[in-house]
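Number 26 in my numbering belongs to position 7 of the sequence shown; there are no gaps in the numbering.
All C-beta atoms in this analysis are idealised placements derived from N, C-alpha and C, irrespective of residue type, glycine included.
For reference, the structure is listed below as structure tokens.
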Amino acid sequence: MGNVSEPSCGERSIRILLKAFSPDWKFAMFRKFAFCLLMSSMAVVADEPAAMKLAAPKDWGGETISLPPGFAPDMKLKGFEHIRFAPGMMKAESDTFFSYAFVFELEPLPQLTEAVIKEEFLKYYRGLCKAVLNGKSPELDPSKFTMELQRVKSDATITSDEKTDVKPVLYTGTLEWVEPFATKKAQTLNLEIQTWTTSNDRNFIFACVSPQARDAAIWNQLHEIRDGYLEK
């Protein structure tokens, strides 16, 4: 018998994400084909340690992957992504379906302009969808995914941590894409994104994501996760 090669870094990226996105046995098929996804890339994946970098309720899942991830190697952002998933992340009938929070901890460049954020997020979601579907929907064109952002003026709800020079810029927006895990159908994701740069020139992007309306209960939990991270 021939030697069995180790999965590439890109394959491990998808495997870790599918593991987190697919906690229920019904989604084992996603994990099964994850091993054959993607060519090798520079991404490295690690399970989130016991002391999560991103604190969340106990029943939320969590992972850490390096950036750029194996499913989107053309991203310019370099660093790490810490992710926390709501319990209903992969249950289409749940009111927390595809709801999660994540933070990118990044190198100083590129600067986090609105254009860069849109470009990099689209690369991320296009790559994720394409990798998960793995040719199962040949009619799908991820290049048609779109993202809209609107900068929100700073007010009392956006605080600054003078100790670490955190001065967040807040955006709200939407992402139009095809959810590839549970439904394989068009989905609108609502986004709240904060960006900031610390005194040592480290860049950060924090995103709260959900298809639920902004007055839904899940947003309270997402905001608590975000605020807890900002207060560190």
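Exercise. Contact check, residue 144 vs residue 94 under 8 Å by CB: the rounded distance?
Worked result: The pair is not a contact, with the Cβ atoms about 11 Å apart (cut-off 8 Å).
For this session: Give every residue of the same chain whose Cβ lies closer than 6 Å to the Cβ of residue 72, excluding the five residues on either side of it in the sequence, and list them in chain order.
Result: 101
Problem set entry | Beta-carbon proximity list for residue 219, same chain, < 8 Å, skipping 5 on both sides | none
Exercise. Secondary structure at residue 51, three-state DSSP: helix, strand or coil?
Worked result: Because the pLDDT at residue 51 is just 33, under 50, the model does not fix this residue reliably, and the value given afterwards should be weighed accordingly. Helix, per DSSP.
For this session: Compare the C-alpha of residue 103 against each of 141, 75, 224 and name the closest.
Result: 75
For this session: Grab me the residues of residue 211's own chain with a C-beta within less than 6 Å of its C-beta, minus the 5 sequence neighbours each way, in chain order.
Result: 191, 227
Problem set entry | Host alpha helix (DSSP H) of residue 245 (start-end) | 237-249
Exercise. Across which residues does DSSP place residue 227 in a beta bridge pair?
Worked result: 120, 211
Exercise. Once you ignore the five residues that flank residue 233 on each side, which residues in its own chain have a CB closer than 7 Å to its CB?
Worked result: 209
Problem set entry | Nonlocal neighbours in the same chain, by C-beta distance under 6 Å from residue 201, ignoring five residues either side | 109, 111
Exercise. Are at least three pairs of beta-carbons, each pair with one atom in the segment 159-166 and one in the segment 243-250, less than 8 Å apart?
Worked result: no
Exercise. Residue 133 by DSSP, collapsed to three states: which one?
Worked result: helix
Problem set entry | Sequence-distant residues of the same chain with beta carbon closer than 7 Å to residue 79, five excluded per side | 103, 104, 105, 106
For this session: Use the C-beta contact count for residue 157: other C-beta atoms within 10 angstroms, 16 or more gives buried, fewer gives exposed.
Result: exposed
Exercise. Any idea which residues DSSP pairs residue 151 with across the strands?
Worked result: For residue 151, which the question treats as bridged, DSSP gives no partner whatsoever.
Exercise. What do you get for residue 81, buried or exposed, if any count of 16 or more other CB atoms within 10 angstroms of its CB means buried?
Worked result: buried
Exercise. Buried or exposed: residue 167, going by 16 or more other Cβ atoms within 10 Å of its Cβ?
Worked result: exposed
For this session: Provide the residue(s) that pair with residue 193 in DSSP beta bridges, ordered along the chain.
Result: 167, 209
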